[in-house]
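Undergrad: Starting off with a structure, shown below.
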Amino acid sequence: MTSSRIELSPITRISGLLSAEVEVENHVVVNARVRGTLFRGFELMLSGRKVLDAPYFTQRICGICSLAHGLVASRAVEQACQIKLHPSVELLRNVLLGFELLQNHIRHFYLLVLPDYVESKALPFQPSGGGDYRFTLAETHRLVSHYYEAINVSLLCHQCIALFGGKAPHQHGIVPGGAAVTPRSDLMLKAMANLDLINSFLAQRLARDVELLSQRYEDYFSLGAGPSNYLSFGLFTDPSTGSDLVPAGAFYNGTIHPLDLNLIGLDADRSWFVENDSIRGTQPAPDKPEGYSWIKAPRYNGKVMEVGPLARMVVAGMASPRSSTLDRIVARTQEAIWIGSLLAQWLPQLDLAMPKPQKCESVKLSSSYGAAEVLRGPLLHRLASRGDTITNYEIITPSEWNFSPRDSRDQPGAAELSLTGIRIRNMQRPVEILRTLRSFDPCISCATHLINLKDSQRFIFATEPFPGFTGF
Amino acid sequence: MDHKTYIQLCRDPEYGGRLASVVLPRLREFFADKHSPKPPVIWLETNGCSGNSVSLWNAIGPDLGQILEDMIDLRFWNFLMAAQDDRAIELLHNTATRQKNRFILVVEGAIALNESYTVVHRRAGQDYSALEMVRFLGQFAQHVMAVGTCASFGGPSAAHPNPSRSVGLEEAINRKVIKVSGCPAHPDWIIGTLGYILMFGEPELEEHGRPRIFYGETVHRHCTRRSYFDRGIFAESLGDPECMLRLGCKGPVTGADCPTRQWNSYVSWPVEANTPCIGCTNPGFPDQMEPFFEPLPERDEQTSNPVNPFLIVKSWITRRGGRS
Chain G
1 MTSSRIELSP ITRISGLLSA EVEVENHVVV NARVRGTLFR GFELMLSGRK
51 VLDAPYFTQR ICGICSLAHG LVASRAVEQA CQIKLHPSVE LLRNVLLGFE
101 LLQNHIRHFY LLVLPDYVES KALPFQPSGG GDYRFTLAET HRLVSHYYEA
151 INVSLLCHQC IALFGGKAPH QHGIVPGGAA VTPRSDLMLK AMANLDLINS
201 FLAQRLARDV ELLSQRYEDY FSLGAGPSNY LSFGLFTDPS TGSDLVPAGA
251 FYNGTIHPLD LNLIGLDADR SWFVENDSIR GTQPAPDKPE GYSWIKAPRY
301 NGKVMEVGPL ARMVVAGMAS PRSSTLDRIV ARTQEAIWIG SLLAQWLPQL
351 DLAMPKPQKC ESVKLSSSYG AAEVLRGPLL HRLASRGDTI TNYEIITPSE
401 WNFSPRDSRD QPGAAELSLT GIRIRNMQRP VEILRTLRSF DPCISCATHL
451 INLKDSQRFI FATEPFPGFT GF
Chain D
1 MDHKTYIQLC RDPEYGGRLA SVVLPRLREF FADKHSPKPP VIWLETNGCS
51 GNSVSLWNAI GPDLGQILED MIDLRFWNFL MAAQDDRAIE LLHNTATRQK
101 NRFILVVEGA IALNESYTVV HRRAGQDYSA LEMVRFLGQF AQHVMAVGTC
151 ASFGGPSAAH PNPSRSVGLE EAINRKVIKV SGCPAHPDWI IGTLGYILMF
201 GEPELEEHGR PRIFYGETVH RHCTRRSYFD RGIFAESLGD PECMLRLGCK
251 GPVTGADCPT RQWNSYVSWP VEANTPCIGC TNPGFPDQME PFFEPLPERD
301 EQTSNPVNPF LIVKSWITRR GGRS
């Protein structure tokens with residue numbers, strides 16, 4: 001038996017810094033460790049800032065999922081201020097989140113994923129890093145030209161966000177208490193014109209290109225399976241009822257269970273954090289011997305969960321509970337096409353008489369949260385405050401679920417699990433590993449945060465205040 | 001074309017919206033005249049959010065594809081490059097050592113002095129931190145550009161209490177850095193500065209080390225709501241059409257050309273979206289620009305003199321000292 005170890009660092013074409021190490025026996029991965037190597041510490045920074053600053057501030061966590069943080073932070077602030085949003089505000093926020101999702105999904109497939117499968121002399125496919133390229137020359141030319149088209153189509157999505165939010169990334173339009181730009185017909189027309197271009201790209205390019213990929217790389221449907229557990233917080237808000245348009249839930253033991261946020265636990269056994277009783281909090285510990293990642297290990301009911309477009313489709317009963325490298329890419333594509341059609345319905349319905357943002361003048365609940373499905377899966381922000389000031393802020397991002405390290409029960413994270421069992425054809429170029437990691441759409445800028453573990457072993461979503469983080 | 005014409009093109013409101021499309025043909029001419037190859041560029045991401053990369057992906061005419069084809073010889077860009085793992089690092093290393101004083105180093109993100117907090121590469125159990133990498137690359141680069149407020153000044157990555165002990169690039173590598181700040185930086189600011197560097201070398205910089213072309217005047221000076229300010233008519237809540245000084249606008253202390261340039265293919269900017277400027281290009285962003293929705297003091301807290309915006313920012317930085 002031949003045994004070896006492969007270290008892959010850095011994993012490029014993702015946001016943030018990620019490395020992977022796999023142990024291989026007879027060409028089969030028997031063990032994988034995925035490490036996030038960037039720690040920013042946003043939760044620590046948020047303590048002491050004004051509650052109203054949370055949406056703009058937390059957007060700076062991530063340049064590609066920026067709007068998602070702004071949206072979820074606004075919800076946390078609005079819950080704290082006991083503000084109920086007007087349905088037309090919810091509709092506009094759906095539109096903005098929809099364009100952010102489309103921007104991401106298009107860029108993910110063309111700019112980040114495609115160079116794994118296409119070898120071309122065109123920039124920036126050279127110099128390539130992989131192998132196992134299966135497209136014909138004609139197909140390659142077509143895919144490369146679609147890469148360049150994708151650059152210009154994806155920026156139209158951000159342009160639509162800018163129409164209602166001033167700029168993107170780090171938009172200004174979603175503010176605590178509402179949305180700052182009241183829809184106008186000129187803005188709607190411009191957005192609809194962009195959407196026409198985006199939708200024809202989705203139908204004529206993305207859908208066909210992913211179909212072609214599925215044919216040429218059919219074996220990737222039986223490779224890279226996750227933990228068979230799926231979690232979703234629910235995507236988009238139904239403006240008329242206020243409930244989730246795509247339902248929330250957790251799929252495990254073969255069935256869909258209703259979502260219970262109290263079942264979320266966090267583990268940092270193998271993460272570079274330690275608890276420090278003297279400060280009643282958690283602090284970074286990069287030298288912790290058993291640690292190997294800045295990412296923590298969130299678990300649902302003790303289970304490892306896969307999250308993302310595929311997971312939300314499974315939880316909603318829209319897809320069968322089967323995960324693989326290609327299933328993730330296909331689900332993201334299907335979702336993009338579906339969101340494009342939703343936006344076409346929503347844009348003409350935007351309310352020209354949408355009320356101005358409500359003033360979030362007094363914080364009524366000292367503990368609140370925002371939760372939603374965003375670009376890569378479920379995002380949770382939990383806010384504790386005294387008066388108008390944040391005393392504690394905690395964030396669990398989608399990529400933490402997918403890219404968590406092992407936990408105290410030695411359960412590997414979802415991505416680690418998906419690598420185990422993969423057969424590597426060419427040990428010099430382990431493309432199977434890289435393609436599978438990238439199918440999750442990793443975002444490590446988002447994933448590495450500090451949280452006060454002691455209070456978060458079990459999340460208690462009640463309204464009592466909880467002890468604030470006291471710093472280092 | 002001489003540099004004065006170039007600057008005029010960058011600034012002229014008539015061209016402002018089309019800066020990028022003006023730069024590209026000039027660069028093509030320039031490269032053709034000189035028979036010189038495109039300059040190698042290393043874009044290194046450190047402690048940041050990738051927002052400046054995404055902002056550059058939003059560029060038009062030259063769009064990202066044209067930038068890669070006609071402007072630069074991209075050697076390393078974690079977020080975009082095809083190569084990965086050790087091969088990617090080899091490209092970076094080879095560019096640095098074989099193209100000494102010929103390549104441009106672009107850094108996106110602050111530099112963590114707690115080195116284990118930003119590890120760019122691991123090999124054989126050894127970590128290579130962002131600090132090590134920028135110090136290594138910085139000594140060989142012909143020009144060093146900081147893109148975004150984190151790389152320029154520390155920015156959000158260095159916000160109080162600065163858990164990773166992050167600093168701006170210049171402080172980390174101890175050499176002159178051309179700073180293209182903004183959270184994120186506007187694609188035109190990045191392209192315009194890069195174009196200037198390629199054609200004429202280092203541009204004239206203002207007091208914070210940023211190209212005067214883009215950061216030389218305040219947002220307030222050319223604000224589309226300036227007439228309301230001059231007449232003393234102020235917005236009372238978000239969504240009102242008047243001057244937002246009392247809602248926290250930091251336009252008077254912020255050097256940037258957002259009002260004349262506008263964002264995302266020139267369709268809007270934060271004030272047009274009925275929200276205050278939050279001063280994202282400033283050295284003190286975000287600590288000295290918060291609270292975002294509370295007004296700047298009308299008189300200096302210490303001297304009670306009427307507001308001198310730049311002095312106020314400086315005194316805030318000294319007093320509140322977010323960057324310990």
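Top line first, the protein sequences correspond to chains G and D. Under the numbering used here, the first residue of the first sequence carries the number 1, and numbering increases by one thereafter. Under the numbering used here, the first residue of the second sequence carries the number 1, and numbering increases by one thereafter. Every residue, glycine too, gets a C-beta built ideally from N, C-alpha and C. Predicted model, so just to flag it, every value in this text is computed and none were measured.
With a cut-off of 8 Å, does the C-beta of Q428/G fall near any C-beta of chain D?
TA: To locate residue 428/G, count along the first sequence from 1; it is residue 428. Cβ-Cβ to chain D under 8 Å: no for Q428/G.
Undergrad: Secondary structure at R134/G, three-state DSSP: helix, strand or coil?
TA: As a position in the first sequence, residue 134/G is number 134, starting the count at 1. The answer is coil: DSSP assigns R134/G none of H, G, I, E or B.
Undergrad: With DSSP collapsed to three states, give me the class of L380/G.
TA: Translated into the one-based positions of the first sequence, residue 380/G becomes position 380. If DSSP states are grouped into helix, strand and coil, L380/G belongs with the strands.
Undergrad: Quick one: grab the DSSP three-state call for F200/D.
TA: Residue numbering aside, residue 200/D sits at position 200 when the second sequence is read from its first letter. Residue state, collapsed to three classes: helix.
Undergrad: Shortest alpha-carbon distance to A447/G belongs to which of R40/G, T12/G, R33/G?
TA: Translated into positions along the first sequence, residue 447/G becomes position 447. Of R40/G, T12/G, R33/G, the residue nearest in Cα terms is R40/G.
Undergrad: Within this structure, are the beta carbons of G63/G and G51/D separated by less than 8 Å?
TA: As a position in the first sequence, residue 63/G is number 63, starting the count at 1. As a position in the second sequence, residue 51/D is number 51, starting the count at 1. Yes.
Undergrad: Would D132/G count as contacting chain D if we go by Cβ distances under 8 Å?
TA: Here residue 132/G refers to the residue found at position 132 of the first sequence. Not closer than 8 Å to any Cβ of chain D, the Cβ of D132/G fails to qualify, so no.
Undergrad: Please tell me whether L419/G has its Cβ less than 8 Å away from any Cβ of chain D.
TA: Your numbering for residue 419/G matches position 419 in the first sequence. So, not an interface residue.
Undergrad: Distance cutoff 8 Å, beta carbons only. Does Y117/D sit that close to anything in chain G?
TA: Indexing the second sequence from 1 puts residue 117/D at position 117. Chain G contact via Cβ: present.
Undergrad: Got a sec? Which residues, its chain only, sit under 7 Å from S418/G by beta carbon, not counting five neighbours each side?
TA: Reading the first sequence from its first residue, position 418 is the one you call residue 418/G. Closer than 7 Å at the Cβ level, and outside the excluded window around S418/G, lie G224, A225, G226, T436.
Undergrad: Under three-state DSSP, which class holds W43/D?
TA: The residue given as residue 43/D occupies position 43 in the second sequence. W43/D: strand per DSSP, three-state reduction.
Undergrad: Excluding five sequence neighbours on each side, which residues of the same chain lie with their C-beta closer than 7 Å to the C-beta of G173/G?
TA: One-based indexing of the first sequence puts residue 173/G at position 173. The residues are L96, F164, G165, G166, A179, A180, V181.
Undergrad: Against chain G, with Cβ distances strictly below 8 Å, would G321/D count as a contact?
TA: Position 321 of the second sequence holds residue 321/D. Annotation note: pLDDT 40 at G321/D (below 50); position unreliable, coordinate value reported separately. Taking Cβ atoms only, chain G never reaches closer than 8 Å to G321/D, which makes this a no.
Undergrad: Identify whether L101/G lies in helix, strand or coil by the three-state DSSP scheme.
TA: Taking the first sequence and counting its residues from 1, one reaches residue 101/G at position 101. Helix at L101/G.
Undergrad: Listed from N- to C-terminal order along the chain, which residues in the stretch 275–286 of chain D have their beta-carbon within a distance smaller than 7 Å of any beta-carbon of chain G?
TA: Flagged, chain order: T275, I278, P286.
Undergrad: Note down the Cα distance separating F466/G from D287/D, rounded to an integer number of angstroms.
TA: For the purposes of this step, residue 466/G is taken as residue 466 along the first sequence, with counting starting at 1. For the purposes of this step, residue 287/D is taken as residue 287 along the second sequence, with counting starting at 1. Caution is warranted here: a pLDDT of 30 is assigned to F466/G, below 50, making its placement in the model unreliable, and the coordinate value is therefore given only provisionally. So the two alpha carbons sit approximately 25 Å from each other.
Undergrad: Within a Cβ cutoff of 6 Å, which residues of the same chain sit near F229/D, ignoring the five residues on either side of it in sequence?
TA: For the purposes of this step, residue 229/D is identified with residue 229 of the second sequence, where counting begins at 1. The answer, listed in chain order, is C243.
Undergrad: Which chain G residues are close to V267/D, counting only those with a beta carbon under 8 Å from its beta carbon?
TA: Position 267 of the second sequence holds residue 267/D. Chain G residues near V267/D: Q159, A162, L163, K190.
Undergrad: Taking C-beta to C-beta, are V119/D and T37/G nearer than 8 Å?
TA: Reading the second sequence from its first residue, position 119 is the one you call residue 119/D. Reading the first sequence from its first residue, position 37 is the one you call residue 37/G. Yes.
Undergrad: Among T149/D, L105/D, Q262/D, which residue has its Cα nearest to the Cα of V135/D?
TA: Counting from one through the second sequence, the residue named residue 135/D turns up at place 135. Per the sequence presented here, residue 135/D reads as Arg, with Val not at that position. The residue with the shortest Cα to Cα distance from R135/D is L105/D.
Undergrad: Applying the 10 Å Cβ sphere with the 16-neighbour rule, what's the burial state of T463/G?
TA: By one-based count along the first sequence, residue 463/G stands at place 463. Bear in mind that a pLDDT of 30 at T463/G, under 50, signals an unreliable position, so the number given afterwards is only what the model happens to contain. Per the 10 Å Cβ criterion, exposed.
Undergrad: Would you say C81/G lies against chain D (beta-carbon separation less than 8 Å)?
TA: Taking the first sequence and counting its residues from 1, one reaches residue 81/G at position 81. Output row for C81/G: interface = no.
Undergrad: With Y266/D as the anchor, note down where its beta strand (DSSP E) starts and where it stops.
TA: Counted from its first residue, the second sequence places residue 266/D at position 266. Counting along the chain, Y266/D falls outside any beta strand (DSSP E), and DSSP gives it neither H nor E.
Undergrad: Let me know the secondary structure DSSP gives A168/G once reduced to three states.
TA: Locating residue 168/G in the first sequence gives position 168, counting from the first residue. In this structure, A168/G counts as coil in the three-state DSSP scheme.
Undergrad: Under a three-way DSSP split, which group does F461/G fall into?
TA: Looking up residue 461/G in the first sequence gives position 461. Summary for F461/G: the model assigns pLDDT 43, below 50, so the residue's position carries little reliability; its value from the coordinates is reported in the next sentence. DSSP places F461/G in coil when its eight states are reduced to three.
Undergrad: For the stretch 358–379 of chain G, which residues have a CB atom closer than 7 Å to at least one CB atom of chain D, in sequence order?
TA: Listed in sequence order: K359.
Undergrad: Please decide whether M133/D counts as near chain G, where near means a Cβ-Cβ distance under 8 Å.
TA: In the second sequence, residue 133/D corresponds to position 133, counting from 1. No, no contact with chain G.
Undergrad: If contact is defined by three or more beta carbon pairs under 8 Å, each pair taking one atom from either stretch, is the stretch 254–264 of chain G in contact with the stretch 276–292 of chain G?
TA: Flag = no, the stretch 276–292 of chain G and the stretch 254–264 of chain G do not touch.
Undergrad: Buried or exposed: H69/G, going by 16 or more other Cβ atoms within 10 Å of its Cβ?
TA: Numbered from 1 along the first sequence, position 69 holds the residue referred to as residue 69/G. Per the 10 Å Cβ criterion, buried.
Undergrad: Is the stretch 231–248 of chain G touching the stretch 306–318 of chain G in the sense that three or more CB pairs, one from each, lie closer than 8 Å?
TA: Output reads yes: the stretch 231–248 of chain G touches the stretch 306–318 of chain G.
Undergrad: Identify the contact partners of H160/D in chain G, using a Cβ-Cβ distance below 7 Å as the criterion.
TA: Sequence index remark: in the second sequence, residue 160/D carries index 160 (1-based). Neighbours of H160/D on chain G, chain order: M45.
Undergrad: In terms of residues, what are the limits of the beta strand (DSSP E) holding S367/G?
TA: Along the first sequence, one-based indexing puts residue 367/G at 367. Counting along the chain, the beta strand (DSSP E) containing S367/G begins and ends at 367–374.
Undergrad: Could you list the residues in the stretch 235–260 of chain D with a C-beta less than 7 Å from some C-beta on chain G, going in chain order?
TA: Here the close residues are S237, L238, G239.
Undergrad: Which class does A158/D belong to by DSSP, given the choice of helix, strand or coil?
TA: Numbered from its first residue, the second sequence carries residue 158/D at position 158. Correct three-state label for A158/D: helix.
Undergrad: Applying the criterion that 16 or more other CB atoms from any shown protein chain within 10 Å of the CB defines a buried residue, is V113/G buried or exposed?
TA: Position 113 of the first sequence, counted from the start, is the residue given in the question as residue 113/G. Buried.
Undergrad: Please list, in chain order, all residues of the same chain as T281/D whose beta carbon is under 7 Å from its beta carbon, the five residues on each side excluded.
TA: By 1-based counting over the second sequence, the position of residue 281/D is 281. Contacts found: T149, S181, G182, Y215, T254, G255, A256.
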